[in-house]
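In the numbering used here, the protein residues as written are 971 to 1370.
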């Protein structure tokens, strides 16, 4: 985080950056699949392909991870009031950026070159273009309506506002916020199965009452430095072997599940527990195994961390919010362009996906440079270095 004196963990930034890039690709291919023929082939392999968790879980978890570290430090340094103020300021910043992203998407999709009725209807953007656009814009401002891919930042806004309360609860007991969060999540899972409280279905894609559990897990992991403790308790080889073996088993089970394989005398294999909107138990278990595995395979040597590829991806992680918003704009534009002649073949989608990834990696350091406000830094006093005087005429006389 900016303004924090602590040294950033490049591994965390790399994972967050990889997650943002995968989210962009997943968003692109999901829309391409809806537009494409039944024979559409997804040219990308992202995390959701090997199991039941996706890059979205990584994004929410590590957002909580960094939030826990930073807000705890803010409370310890400046007090509880300043921690709440920081949460409010950050939530407002995300709210405004989400709104500006929507404005950019609307402006682009209203242009004759990119306008497409099917895309607008599929993503919910059409609600902001018709006679009801005023009321739907008000609903968006009130966080009661989100077009496709705008849901996760609204979730993030809500989670950031409750984050200080989680930090305060950890000062009483570590188990207290964990059990409270788990209880709410469990209640949502039971409601999803038996529907005794329809009011708990708050979103079609990211129910905050379910997804808060992933965020709280991330906060507690950051506050208690869980990855360092895991490395101290278990060897790197054991963590890698156990988590990798479980992920391989999950991949095989998912492959059998999707192939409609039948167990003799029992029938088709049907694995329950996957529920994207409510963060089903299968997602949680698979993600917890995944995050342990991923943290073991990230190269930590100085040579690797100096490599262009790792620094490029990590730069996306450092500016994950801005890069996520940019990826949303780029996905809408890419799909609108391909929809003009319905060119949703694997090669076209692959080119579009690679272009989005490249643009995000290029934009991230630029956004970082602007965010550092270089115009506030004092100019190098080259004149003083040359002659000990700031008078340009003196410098001119001293140069041979």
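Where a beta carbon is used, it is the ideal one built from N, C-alpha and C, also for glycine.
Considering only the beta carbon of each residue, do residue 1084 and residue 1303 sit closer than 8 Å?
yes
Opening and closing residue of the alpha helix (DSSP H) in which residue 1224 lies:
1206 to 1228
Are the segment 1027 to 1037 and the segment 1099 to 1119 in contact at 8 Å, needing three or more beta carbon pairs?
no
For the ligand HEM, I want to know if residue 1008 counts as a neighbour, meaning its beta carbon is within less than 7 Å of at least one of the ligand's heavy atoms.
Here there are no bound small molecules, and the ligand HEM is not part of this structure.
Pairing CB atoms from the segment 1185 to 1202 with CB atoms from the segment 1132 to 1150, are three or more of them under 8 Å?
yes
By DSSP, does residue 1232 sit in helix, in strand, or in coil?
strand
By the three-class DSSP mapping on this structure, what secondary structure does residue 1251 have?
helix
Taking 8 Å as the cut-off, decide whether the C-beta atoms of residue 993 and residue 1294 are in contact.
yes
Supposed contact pair residue 983 and residue 1288 - C-beta distance, whole angstroms, cut 8 Å
5 Å
The alpha helix (DSSP H) enclosing residue 1139, as first and last residue numbers
1121 to 1142
How close, in whole Å, do the beta carbons of residue 1137 and residue 1045 come, if the pair is a contact with beta carbons under 8 Å?
6 Å
Rounded separation between residue 1037 and residue 1231 - CA only:
43 Å
Tell me the rounded alpha-carbon separation between residue 975 and residue 1040.
Confidence is the limiting factor: at residue 975 the pLDDT is only 48, short of 50, which leaves the residue's position unreliable and the question unanswerable from this model.
Simplified DSSP assignment, three categories, for residue 1238
strand
Same chain, Cβ closer than 8 Å to residue 973, five either side skipped, listed in chain order:
Confidence at residue 973 is low in this model, with a pLDDT of 43, below 50, so the placement of that residue should be treated as unreliable; the coordinate-derived value is given next. Same-chain partners within the cutoff: there are none.
Counting pairs of beta carbons, one from the segment 1199 to 1216 and one from the segment 1255 to 1269, are three or more of them closer than 8 Å?
yes
Counting only the same chain and skipping the five closest in sequence on each side, list residues whose C-beta sits under 7 Å from that of residue 1052.
1044
Could you name each continuous alpha helix (DSSP H) segment of 4 residues or more that falls completely within the segment 1003 to 1079, going from the start of the chain to the end?
1025 to 1048 and 1050 to 1079
Those runs of the alpha helix (DSSP H) which lie wholly inside the segment 1272 to 1320 and span at least 4 residues:
1272 to 1275, 1278 to 1288 and 1290 to 1309
Compare the Cα-Cα distances from residue 995 to each of 1007, 1144, 1012 and 1005 and report the closest residue.
1012
Through-space distance from residue 1144 to residue 1194, alpha-carbon basis
9 Å
Compute the Euclidean distance between the alpha carbons of residue 990 and residue 1298, then round it to the nearest angstrom.
10 Å
For residue 1121, which residues in the same chain have their Cβ closer than 7 Å to its Cβ, ignoring the five residues on either side in sequence?
1173, 1175 and 1176
Nearest by alpha-carbon distance to residue 1310: which of 1022, 1344 and 1082 is it?
1082
Neighbourhood of residue 1275 by C-beta distance below 6 Å, restricted to the same chain and skipping five residues each side:
980
Anyone know if the C-beta pair for residue 998 and residue 1283 falls short of 8 Å?
no
Under three-state DSSP, which class holds residue 978?
coil
Give the DSSP-derived three-state secondary structure of residue 989 in the structure shown.
helix
Could you check the C-alpha separation between residue 1228 and residue 1239 for me, to the nearest Å?
9 Å
Unbroken alpha helix (DSSP H) run spanning residue 1199, endpoints
1196 to 1203
To the nearest angstrom, how far is it from the Cα of residue 1314 to the Cα of residue 1006?
5 Å
What are the start and end residues of the alpha helix (DSSP H) that includes residue 1158?
1145 to 1164
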